[in-house]
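These protein sequence lines are chains S and E, in that order.
Residue numbers for the first sequence, in the UniProt record's numbering: 1 to 118.
Residue numbers for the second sequence, in the UniProt record's numbering: 1 to 118.
Here a beta-carbon is modelled for each residue, glycine too, at the ideal position from N, C-alpha and C.
First comes the structure, then the notes that go with it.
2 protein chains.
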Amino acid sequence: MDRIPILKMGRLLLVTIQVDMHDQLAITLQDDLTERIVKDRAQGVLIDISALDIVDSFIGRMISNTASMARILDASTVLVGMQPAVAITLVELGMALVGVQTALNVEQGIRLLERPSD
Amino acid sequence: MDRIPILKMGRLLLVTIQVDMHDQLAITLQDDLTERIVKDRAQGVLIDISALDIVDSFIGRMISNTASMARILDASTVLVGMQPAVAITLVELGMALVGVQTALNVEQGIRLLERPSD
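In structure tokens, the structure reads:
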């Protein structure tokens, strides 16, 4: 497993994180994603973390950084499928993911991204 | 990693296989997927294997069985993102995935599933 697939759906990109992220995988994901945002002219990125039971500060920071990178490339990021325990851990770690939108699931995330931005 | 997430998009379900399947993971996926097809009244299942560089006969059979299960639950399966080397291996293994539709990527798979069946 050397890279996480990025799936294109219309003007959106979908990333499903299923495995424990390590440094190199995170860097590759950020490289691939920024490249795809530009190449596919994506207006939104959905990051699904429903498979993650736990997150640590590394993943939290990775998601936060990825959202920032997407933002300066003019794409919005929505984090979907967060489990309750993950929300608790993130806040306890002091990572409130400021500036990252969240949605219950992929469908609602798509709806959020397709809404004209305010 | 004890289960592969199943994402709902309208009447379709999306499964992205990123990790090596082992027996228990495959059984869990088939259990989850059949349950979700019924619960979500899904009319189609997209299985993305773009992250897989290689497949073996176990994965090939698993995909083929999953598609058969979906079919008897009245849902079509489209396998998307297959890499050229995987196609070569599958045919060499004698697994031509008869009855499983394929598409280049998720977008084309969605288009295929949304087309009225002939």
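Residue i - DSSP class collapsed to helix/strand/coil
i        : result
Ile59(E) : helix
Met69(E) : helix
Residue range of the beta strand (DSSP E) that includes residue i
i        : result
Leu90(S) : Segment 84-92 is the alpha helix (DSSP H) holding Leu90(S); no beta strand (DSSP E) there.
Ile47(S) : 44-48
Leu29(S) : Run containing Leu29(S): none in the beta strand (DSSP E); it sits in the alpha helix (DSSP H), 23-39.
Endpoints, alpha helix (DSSP H) assigned at residue i
i         : result
Val80(E)  : First-last for Val80(E): 76-80, but that is the beta strand (DSSP E), not the alpha helix (DSSP H).
Gln101(E) : Where Gln101(E) is concerned, there is no enclosing alpha helix (DSSP H), although the beta strand (DSSP E) it sits in stretches over 101-103.
Leu14(S)  : Where Leu14(S) is concerned, there is no enclosing alpha helix (DSSP H), although the beta strand (DSSP E) it sits in stretches over 12-16.
Leu7(S)   : Note, Leu7(S): premise wrong, no alpha helix (DSSP H); beta strand (DSSP E) at 6-9.
Arg111(S) : 106-114
Under 8 angstroms between C-beta atoms of residue i and residue j
i              : j         : result
Ile6(E)        : Asp32(E)  : yes
Leu90(E)       : Val55(E)  : yes
Val106(E)      : Met9(S)   : yes
Leu14(E)       : Asp48(E)  : yes
Gln43(S)       : Val78(S)  : no
Gln30(E)       : Asn65(E)  : yes
Ala75(E)       : Ile37(E)  : yes
residue 186(S) : Met62(S)  : The question about residue 186(S) has no answer, for chain S in this structure spans 1 to 118.
Ala103(E)      : Leu112(E) : yes
Gly109(E)      : Ala67(E)  : no
Leu25(E)       : Ile4(E)   : yes
Residue-level contact to chain E via CB, residue i, 8 angstroms cutoff
i         : result
Leu112(S) : no
Ser50(S)  : yes
Thr16(S)  : yes
Arg19(S)  : Here residue 19(S) turns out to be Val, not Arg, going by the sequence shown. At least one chain E Cβ lies under 8 angstroms of Val19(S).
Asp118(S) : Note that Asp118(S) scores 48 on pLDDT, short of 50, meaning its location in the model is unreliable and no value can be drawn from it.
Chain S contact for residue i (CB, 8 angstroms cutoff)
i        : result
Val56(E) : It is worth fixing the name first, because residue 56(E) is Asp in this sequence and not Val. False, the Cβ-Cβ gap to chain S never drops below 8 angstroms.
Pro84(E) : no
Lys8(E)  : yes
Ile47(E) : no
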